[in-house]
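Engineer: Handing you a structure now.
Residue numbers (our numbering): 3 to 233.
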């Protein structure tokens, strides 16, 4: 994000919860507005007092057209089960963004999330419901954790963002393919730092090879689509 945002950008953090991202963005000097549908989370975010915090819905943003330089959707797309709701959230993000502005839209990787759920359960026999998750990406209260939502493939996340009118869309794997191993050494900060650097360099080397980039991202638990509103 720091590579993309210009100094002093106006940023809308949609689904920002208690302000995990809004805090550091405000500390970086950006003018940040957080929006979340849960009043209790907004109240906690407002305590930080370095950014605005409002209750609101990603599908009906209480903001004027072209009023932000960047919009973050780092939660709504995987909480919205309906494709129509996700399309509405993306359309709203585009509406409130100035021409040339940047979108950051996060998804949960379908393949990696499915694999993690299966291994956590001890490799049980897969039923039709399990396979439907792989086919459609829809899950409801999948053995605890989130109450339900949508898992994206790289291609689907790119397609949804592109269909909403954004251009130059690139989907990144946030953790890289080695995230499972990194969890075993999470306390070794230097090792984690080197692993992240290796994943970033690998991604840089694959520029111009879209199928290879997609394969790399597909193995990451979280996906980030970055796009622009056309001028």
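Ideal Cβ positions, reconstructed from N, Cα and C, are used throughout, including at glycine.
Every value quoted in this text rests on a predicted model; they were computed, and no experiment measured them.
1. How close, in whole Å, do the beta carbons of residue 23 and residue 15 come, if the pair is a contact with beta carbons under 8 Å?
2. With a 10 Å radius around its C-beta and 16 neighbouring C-beta atoms as the bar for buried, classify residue 38 as buried or exposed.
3. Residue 153 to residue 78, Cα distance in whole Å?
4. Could you spell out where the alpha helix (DSSP H) holding residue 44 opens and where it closes?
5. Going by the CB atoms, is the gap between residue 72 and residue 109 shorter than 9 Å?
6. Quick one: what's residue 54 bridged to in DSSP?
7. In the DSSP assignment, find the alpha helix (DSSP H) that holds residue 97 and state where it starts and stops.
8. Measure the alpha-carbon distance for residue 196 versus residue 92 and round it to whole angstroms.
9. Look at the alpha carbon of residue 45 and the alpha carbon of residue 209, and state the distance between them as a whole number of angstroms.
10. Taking the Cβ atom as the reference point for each residue, do residue 169 and residue 230 lie within a distance shorter than 9 Å?
11. Tell me, which residues are paired with residue 173 by DSSP?
12. Which partner residues does residue 70 have in the DSSP bridge list?
13. Check whether the Cβ atoms of residue 100 and residue 68 lie closer than 9 Å to each other.
14. Grab me the residues of residue 90's own chain with a C-beta within less than 6 Å of its C-beta, minus the 5 sequence neighbours each way, in chain order.
15. To the nearest whole angstrom, what separates the beta carbons of residue 173 and residue 159, a pair I think is in contact under 8 Å?
16. If we count the other Cβ atoms within 10 Å of its Cβ and call it buried at 16 or more, is residue 20 buried or exposed?
17. Please report the residue range of the alpha helix (DSSP H) in which residue 29 lies.
18. Taking only the alpha-carbon atoms, compute the straight-line gap between residue 83 and residue 4 and give it to the nearest angstrom.
19. Measure the alpha-carbon distance for residue 86 versus residue 192 and round it to whole angstroms.
20. What are the boundary residues of the alpha helix (DSSP H) that residue 163 is part of?
21. In whole angstroms, what separates the C-alpha of residue 27 from that of residue 171?
22. Here's a check: name, in chain order, each residue in its chain whose Cβ is nearer than 7 Å to the Cβ of residue 156, leaving out the five neighbours to either side.
Structural biologist: Quick answer:
1. Rounded to the nearest angstrom, the Cβ distance from residue 23 to residue 15 is 6 Å, consistent with a contact under 8 Å.
2. Result: buried.
3. Residue 153 and residue 78: Cα-Cα distance of roughly 12 Å.
4. Here the alpha helix (DSSP H) through residue 44 covers 41-48.
5. Note that the C-beta distance between residue 109 and residue 72 is not below 9 Å.
6. Within the DSSP bridge table, the entry for residue 54 names 35 as partners.
7. 85-97 is the extent of the alpha helix (DSSP H) around residue 97.
8. Between residue 196 and residue 92, the alpha-carbon positions lie close to 34 Å from each other.
9. Going from the Cα of residue 45 to the Cα of residue 209 covers about 42 Å.
10. A Cβ-Cβ contact shorter than 9 Å links residue 169 with residue 230.
11. According to the DSSP secondary-structure assignment, residue 173 is paired through a beta bridge with 227.
12. Paired residue(s): 99.
13. Note that the C-beta distance between residue 100 and residue 68 is below 9 Å.
14. The answer, listed in chain order, is 61.
15. In this structure residue 173 touches residue 159 by the C-beta definition: roughly 6 Å separates them, less than 8 Å.
16. A residue is called buried once 16 or more other Cβ atoms fall within 10 Å of its Cβ, and residue 20 is buried on that count.
17. Unbroken alpha helix (DSSP H) run through residue 29: 22-29.
18. Cα to Cα, residue 83 sits roughly 30 Å from residue 4.
19. Roughly 43 Å between the two C-alpha positions.
20. First-last of the alpha helix (DSSP H) with residue 163: 156-165.
21. Counting only the Cα atoms, residue 171 lies some 22 Å from residue 27.
22. 173, 216, 219, 220, 225.
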